[in-house]
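Student: After the C-alpha cells below, expect a handful of questions from me.
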Amino acid sequence: MLPFSLVLLCFGMLPLRSWDYWWHLTMGRLVHQYGAIPAANHYLYTMDPEAPSYIQPWLSQWLFYWLHDLGGLQLVLLVRNLIAGGLAAFLGMRAMRQSRSAMFGAVLTLVGFAQAFPYIAARSHLFVLPLFALLVWLGARIRKGQTPLAAVILFPGVAALWANLHGSFFLPAAIALAFGAASICDRFDPRPLAERRTVVEAPTKQSIAWFGAFVVSLVAPLLNPRGAEIYGYVIALSTNPEIQNTVTEWMAATPWNPPGIGMIFYASMGAGAYIFWRNRRSVDPADVFLFAGLALMTIMAARAMLWFALIIPFVLAAYLRADDATRADKAPDIPPRPVRAFNLLFAIALLMSALILQPGTIYHRDFVNAYPAIPTRDAAPLNGLVLARTPVMETAILEQHPGDQHIFHDQEFAGYLLFHLTRSRPAPIVFVDQRVELPSAEIWDLYAVASTTSAWKGIFQQYDITAALLNKETQPILIENMRADSDWEIRHESAYNVLFIEKKRR
C-alpha cells in the first residue's frame, strides 16, 4: 500500500509537466476529425505546408484527445496518476512476495520510481507502461514454467499494438531476446541444479520459442498504417543532430544528467551489480540480461531510464530475500499490537489523502495553490492543472485576432498554441513545434538567431511574423530588443511570459 499511496499522492500534486501533451492533442484531434493520420507539415509557416511529416504514435494521440474531450485535463491527469500508482502497487506487491519482506519490496519500488518520476508524464509512452510490466511479468512466468510456453505469442501481438502507441516498440523484442539468451545460458550452466534460483525445463525448446518471439516481434511493428517506414522514422529520430544536441532526455545518462536522478541511476546500477555478484551461485541470467540491457540503453540515452527504473524491483527483489533460517520463529518479527494499529491507521490516512488530492476535486485545487510542488497556475482556467508559465491568457488574447497569424514563440509553447488556435482546420501559425526532427538545421539556426541577436527583425520580416509569445527565462535578449522597437507593443506580460503584437496588425 505504501508505494501505491506515495506515488499516487506525489503525482496528484503535480500539474501537467509535458508540453508534448498539447501537441499530441492537436494530432489526436486531426485523427478524430478526418479519420486519417496526418502525413504533412500543416502547422509550420517556415516550411511548405505539404512537406512530409511522420506521425508514429497516432493511437496514443487519439486516446489523449478522446480522454480530454470526455473529461478535460483533469481526467487525463487522473489517468496518468492511476497508471503510475497501479504500476507502483503491482511492482511493490511482486517485490514484497519475492523478497518476503514488505520493507524490501517498498524500498526497491520507491527507488525505482524515484528514477522513473521525471519520465512518467502525459506523453505517448504513458499507455505502454502497463504493457512493459505485463511482458516482463509474463516472461518470468513462462521461464519458470508457471505459464505455458505458447504464451510467447503475446510478445509480437503486443509489439504490433505498441508500434501504434510509442516509438519504443522494439522493447517487446528486447525482452524476448533477454529471456532467449538466458535459456541458452541454461544449457551450458555448470552450476548444480540445487544452487540455481530458476531451474528451466527443456531450455532448448524455450530458447527456440524465445528467439522465434524475438524475430516475429521485430516484424510485428510493420503492422501499422505506414508499414516499414516506422523503422526509418525511429532511426532518423535517434540520429538527428538537433535532437541529440538539444533534447536532454536523448543525451547520455551521466551522474549529472538528469540532474539528481543521474546519481541515483548510477548508484542503483552499482548496487544491482553487487547484489548479482553476491548471489552469483544462484543468480538467474534472465535477471542479469534485463538489468544490464536496460542499464546500457540508459547510459546511451537518458530517456531509457524509465524502463530501467521499472525493472529494478522486478529483478532484484528475489536476491534480497531474508534467510529462511533466521525466519523460522516469526513471532518476534511481529510488531506489538499498538504499533500494528498505528501502521494501519497511517496507511489508511495516506491512502485517503492520496485519493482526495487527485485532480478535479476542490481539495486538489486548494492544496496545490497553497503548497505547489512546482510553480503551478493558480487562477481559472486550468487552476492547479498546468505549469505557471503556461500561456493561457496570452493565447486567449491571440484567439481574439481573426485570420491566420504567424507567431514567433518559445518552442515549448507551440503545441498549446496549435491546440487552441487551430480548432476547425490546420493552419501554419508557428515557427517550430514539438517535431524537432521536422525543420532543417537552417530553420533551427534562424530560431536561435532571432532569439539571441539583433538580426531578429529581418527574420520577422522574412516570415511576415505578426505576434511574438516569448519566455522570459529562455528569450530575454529578444524581449529586450522588442521592448525597444516602436513597431511592437506589449499586449500582455506576466511573471513568465510577454506577448508582443505588431502595431499595424491591431
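In the numbering used here, the protein residues as written are 968 to 1473.
Even glycine gets a Cβ: it sits at the ideal position worked out from N, Cα and C.
1. Nearest to P1005 by CA position, among Y1012, T1013 and W990, is which residue?
2. What are the boundary residues of the alpha helix (DSSP H) that W1274 is part of?
3. Suppose you measure from the CA of H1331 to the CA of A1340; what does that come to, to the nearest Å?
4. Note down, one range per segment and in chain order, each beta strand (DSSP E) of at least 3 residues found wholly within the stretch 1357–1439.
5. Are the CB atoms of W1423 and L1445 within a distance shorter than 7 Å?
6. To the nearest angstrom, report how far apart D1290 and S1066 are at their CA atoms.
7. On the criterion of 16 or more Cβ atoms from any shown chain inside 10 Å, does F1309 qualify as buried, or is it exposed?
8. In whole angstroms, what is the alpha-carbon distance linking G1344 and F1031?
9. Whole-angstrom Cβ separation of L1384 and V1397, contact assumed at under 8 Å?
10. In angstroms with no decimal places, state the Cα-to-Cα distance between I1197 and W1177.
11. Going by alpha carbons, who is nearest to P1016 out of M1230, F978, G1227 and R1392?
12. Identify, in the order they occur along the chain, each residue of the same chain with its Cβ nearer than 6 Å to the Cβ of V1095, setting aside the five sequence neighbours on each side.
13. Should A1284 be listed as close to the ligand FMN, given that the test is whether its C-beta is under 6 Å from any heavy atom?
14. Report the three-state DSSP secondary structure of I1004 (helix, strand or coil).
15. Do L1324 and G979 have their beta-carbon atoms positioned less than 7 Å apart in this structure?
16. Which one or two residues does DSSP pair with H1459 in a beta bridge?
17. Would the stretch 1066–1083 count as touching the stretch 1115–1125 if we require 3 or more Cβ pairs under 8 Å?
18. Could you check whether D1431 and H1373 sit closer than 7 Å to each other, using their CB atoms as the reference points?
19. When the Cα of F1084 is compared with those of L1318, M1319, F1275 and P1139, which residue comes out closest?
20. Spell out the partners DSSP gives V1353 in its beta bridges.
21. When we look at the beta-carbon of P1024 and count the other beta-carbons within 10 Å, is it buried (16 or more) or exposed?
22. Quick one: measure Cβ to Cβ for G1052 and L981, integer angstroms, because I've assumed they're closer than 8 Å.
23. Determine, using beta carbons only, whether L1352 comes closer than 7 Å to chain B.
24. Quick one: give me the first and last residue of the alpha helix (DSSP H) that Q1113 is part of.
25. Expressed to the nearest angstrom, what Euclidean distance is found between the alpha-carbon atoms of G1039 and L1026?
26. G1239 and L1283 - do their beta-carbons sit closer together than 7 Å?
27. Check whether the stretch 1426–1440 touches the stretch 1456–1473, taking contact to mean three or more Cβ pairs, one atom from each stretch, closer than 8 Å.
28. Select from T1357, G1179 and D1377 the residue whose C-alpha is nearest the C-alpha of S1461.
29. Within its chain, find whatever has a CB closer than 8 Å to the CB of L1093; leave out the 5 residues flanking it on each side and keep chain order.
Tutor: Let me lay it out:
1. Answer by Cα proximity: W990.
2. Counting along the chain, the alpha helix (DSSP H) containing W1274 begins and ends at M1272 to L1283.
3. The C-alpha of A1340 is placed about 12 Å away from the C-alpha of H1331.
4. Whole beta strand (DSSP E) segments, 3+ residues: 1374–1376 and 1434–1438.
5. In contact: L1445 and W1423 (Cβ atoms closer than 7 Å).
6. Because D1290 sits at a pLDDT of 48, beneath the cut-off of 50, its placement in the model cannot be relied upon, and the following sentence gives the value as read from the coordinates. Straight across, the Cα-Cα distance linking D1290 with S1066 is about 10 Å.
7. A residue is called buried when at least 16 other Cβ atoms come within 10 angstroms of its Cβ; F1309 does not meet this threshold and is exposed.
8. This sequence places Arg at residue 1344; Gly is not what is there. Straight-line Cα distance between these residues: approximately 22 Å.
9. For a cut-off of 8 Å, the C-beta gap from L1384 to V1397 is around 6 Å, short enough to register as a contact.
10. Whole-angstrom Cα-Cα distance: 24 Å.
11. Among M1230, F978, G1227 and R1392, the Cα nearest to that of P1016 belongs to R1392.
12. Closer than 6 Å at the Cβ level, and outside the excluded window around V1095, lie W1129, L1132 and H1133.
13. As presented, the structure is devoid of all ligands, the ligand FMN included, so that no description of it is given.
14. Correct three-state label for I1004: coil.
15. The Cβ atoms of G979 and L1324 lie closer than 7 Å to each other.
16. Paired residue(s): L1466.
17. As far as the Cβ criterion goes, the stretch 1066–1083 does not touch the stretch 1115–1125, which means the pair count is below three.
18. It is a contact, given that the beta carbons lie within the stated cut-off.
19. In this structure, F1275 is the residue among L1318, M1319, F1275 and P1139 with its C-alpha nearest to the C-alpha of F1084.
20. For V1353, DSSP records a beta bridge to L983.
21. Under a 10 Å Cβ-count criterion, P1024 is classified as buried, with 16 or more other Cβ atoms of the shown protein chains found around its own Cβ.
22. At roughly 12 Å, the Cβ-Cβ gap does not stay under 8 Å, so G1052 and L981 are not in contact.
23. No chain B is present in this structure, which holds just one protein chain.
24. Careful: Q1113 lies outside any alpha helix (DSSP H) and carries neither H nor E.
25. Roughly 18 Å between the two C-alpha positions.
26. Yes.
27. Yes, since at least three Cβ pairs between the stretch 1426–1440 and the stretch 1456–1473 fall closer than 8 Å, the two stretches touch.
28. Cα-wise, what sits closest to S1461 is T1357.
29. Once the five neighbours on either side are set aside, the close Cβ partners of L1093 are S1027, V1046, R1047, I1050 and I1087.
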